[in-house]
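Peer 1: Take 1 as the starting number for the sequence shown in full-length UniProt numbering and just add one per residue. Glycine included, C-beta positions come from ideal geometry on N, C-alpha and C. Please find one structure pasted underneath; my questions will follow.
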Amino acid sequence: MNTMLQGVEDRPFIPTEYVVRLARTPWERAGHHALRREVFCNEQHVFEKDDRDAIDGVAIPIIAACCMAGIPDRIVGAVRIHETEPDVWRGSRLAVQADHRKLGRIGAELIRMAVSTAHGLGATRFLAQVQEQNVLFFRRLHWKSLGTITLHGLPHHDMEADLSRYPAHGLDQTWLLRPQPRIRQVA
Ligand SMILES: CC(C)(COP(=O)(O)OP(=O)(O)OC[C@H]1O[C@@H](n2cnc3c(N)ncnc32)[C@H](O)[C@@H]1OP(=O)(O)O)[C@@H](O)C(=O)NCCC(=O)NCCS
């Protein structure tokens, strides 16, 4: 096997760019919900047909979009944030489309956008209920566990972000991600 292709040959296409920002347009919001349905209903079976709940009425949706020729083409990442009590915010429904995982740090950057946005809106604490298999992922991103809980019949940890690692920013912040595969295909 050509060693230059190891780890990339099973990926039919590696996008060159993603944008991460708040979902504003109907297209972005529809994509945010469609991705959550795909991940939490079809893939994980945590919910049956629809994962939306009352929190969606107050939450701020955030998206990662895969770009084609510099233009957002498809929503491949989602998370939402909301204030649960004065200055205490929570993130939930973090999802990256399966083909785009462990590729462009999309999950990590969605978390950064979520926490830094809430910080900019006055959060003094930022929490999330994290599925057990993702606890290490969050720990590496400067979160600590406050204890274990069972949610939707699955083991979770209630976790808190270290806000000093997530500088506050405004609602217009946009990040451009360029995936860096470990081994790159030569043109
Ligand atoms: C969890 C999830 C959001 C991670 O998204 P992702 O885009 O693959 O994550 P990233 O690419 O940003 O990962 C950043 C780093 O963490 C690592 N990582 C990713 N998921 C991890 C996990 N579950 N445990 C430990 N490390 C993990 C990646 O390998 C990468 O490491 P590197 O920096 O050494 O390359 C994604 O796997 C997902 O959507 N899963 C299904 C839904 C889900 O579980 N949602 C979260 C509910 S709490």
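Could you pull out every residue in the same chain whose Cβ sits closer than 7 Å to the Cβ of V39, ignoring the five residues on either side in sequence?
Peer 2: Taken in chain order, the residues that qualify are A95.
Peer 1: Given a threshold of 16 other Cβ atoms within 10 Å of its Cβ, counted over all protein chains shown, does H151 qualify as buried or as exposed?
Peer 2: A small fix is needed here, since residue 151 is Leu in this sequence, not His. So L151 ends up on the exposed side.
Peer 1: Ligand 1 and F126: does the residue's C-beta get closer than 7 Å to at least one heavy atom of that ligand?
Peer 2: It does not: the Cβ of F126 is nowhere closer than 7 Å to a heavy atom of ligand 1.
Peer 1: Can the beta-carbon of I81 be found less than 8 Å from the beta-carbon of I60?
Peer 2: It is a contact, given that the beta carbons lie within the stated cut-off.
Peer 1: Below 6 Å CB to CB, which residues in the same chain sit around M159 once its five sequence neighbours on both sides are set aside?
Peer 2: These residues qualify, in order along the chain: A128, V130, F138, W143, S145.
Peer 1: From the DSSP output, which residues share a beta bridge with S92?
Peer 2: Answer is R80, bridged to S92.
Peer 1: Output the distance between the C-alpha atoms of T148 and I71, rounded to the nearest integer angstrom.
Peer 2: Their backbone Cα atoms lie some 41 Å apart in a straight line.
Peer 1: Return the CA-CA distance between H169 and Q44, expressed in angstroms with no decimal places.
Peer 2: The alpha-carbon atoms of H169 and Q44 are separated by roughly 32 Å.
Peer 1: Can you have a look at D172 and say buried or exposed, based on whether 16 or more other CB atoms are within 10 angstroms of its CB?
Peer 2: Classification of D172: exposed, given that the 10 Å Cβ count is below 16.
Peer 1: Can you give me the Cβ contacts of A118 inside the same chain, cut-off strictly under 6 Å, excluding the 5 residues immediately before and after it?
Peer 2: Contacts found: I81, W89, F126.
Peer 1: Where DSSP assigns a beta bridge to M113, which residues make up the other side?
Peer 2: Note: M113 sits in no beta bridge, so no partner.
Peer 1: With DSSP as the reference, please indicate the residues paired to P61 in a beta bridge.
Peer 2: Answer is R80, bridged to P61.
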